[in-house]
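Here's the structure, in structure tokens; my notes come after.
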Amino acid sequence: MAEDKLESDELDEWDSIPKLWNPHIAVLLSVFFTPIFGAWILAKNWEALELPNRAKKSMIWVLFGIIFLSLNFVSPLPTGPFYLLVWYFVSAKAQAKYIKQNYANTGYDRKTWGKPILFGFAAFFAMVTIASLYMTQSEQEELFHR
Numbered sequence: 302m303a304e305d306k307l308e309s310d311e312l313d314e315w316d317s318i319p320k321l322w323n324p325h326i327a328v329l330l331s332v333f334f335t336p337i338f339g340a341w342i343l344a345k346n347w348e349a350l351e352l353p354n355r356a357k358k359s360m361i362w363v364l365f366g367i368i369f370l371s372l373n374f375v376s377p378l379p380t381g382p383f384y385l386l387v388w389y390f391v392s393a394k395a396q397a398k399y400i401k402q403n404y405a406n407t408g409y410d411r412k413t414w415g416k417p418i419l420f421g422f423a424a425f426f427a428m429v430t431i432a433s434l435y436m437t438q439s440e441q442e443e444l445f446h447r
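Structure (structure tokens):
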């Protein structure tokens with residue numbers, strides 16, 4: 302009977318271990334796929350951690366990133382690296398810290414990166430396609446014939 306209780310406790314503990322994407326890798330991939338990608342990954346992690354308010358805050362970063370990226374197309378200034386740093390220090394770093402504090406001993410199950418990376422490449426391709434549609438002929442020649 303005591304053994305059954307122990308097994309039940311172990312199973313409950315196993316069920317409570319979340320399945321997450323590594324937030325550090327999400328940040329690194331955001332260098333290539335923009336912080337929109339990373340904020341979406343972190344939002345899904347917050348949902349898996351059952352912290353819906355933090356997930357909502359990450360989704361705000363997704364929406365802000367879409368607006369920012371749209372405005373960045375018309376801006377002559379390279380503001381992308383600045384946005385990446387602000388997002389990291391204001392939002393992304395908190396999740397890495399939270400996971401380290403709460404799952405350092407038990408660990409967490411890691412989600413695979415295949416689908417998110419495939420989605421990232423598809424979004425990047427779509428973004429380049431849309432941007433090229435709005436470029437003038439001289440801008441395209443300048444960009445592709447260097």
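Residues in the sequence shown are numbered consecutively from 302, following my numbering.
Ideal Cβ placement from N, Cα and C applies to all residues, glycine included.
query                                                                                           : result
Of the listed residues Tyr409, Ile431, Gly415 and Phe333, nearest to Leu350 (C-alpha basis)     : Tyr409
Leu370 (DSSP reduced to helix, strand or coil)                                                  : helix
DSSP bridge partner residues for Leu321 (one or two, in chain order)                            : Arg411
Local Cβ density within 10 Å of Gly415, reported as buried at 16 or more and exposed below that : exposed
contact_flag[the region 366 to 376, the region 417 to 425] where n(CB pairs < 8 Å) is 3 or more : no
Extent of the continuous alpha helix (DSSP H) to which Leu350 belongs                           : Per DSSP, Leu350 belongs to no alpha helix (DSSP H) and is neither H nor E.
Coil, strand or helix - Val375 by DSSP                                                          : coil
Reduced DSSP secondary structure (H/G/I, E/B, other) of Asn406                                  : coil
Beta-carbon proximity of Gly381 to Ile337, cut-off 7 Å                                          : no
Burial state of Leu343 (16 or more Cβ within 10 Å)                                              : buried
Nearest residue (CA-CA) to Pro324, options Pro353, Ser359, Lys394 and Arg355                    : Lys394
Cβ shell of Lys320 (< 8 Å), same chain only, five flanking positions each side left out         : Ala349, Tyr409, Asp410, Arg411 and Lys412
Local conformation of Ser433 per DSSP, three classes                                            : helix
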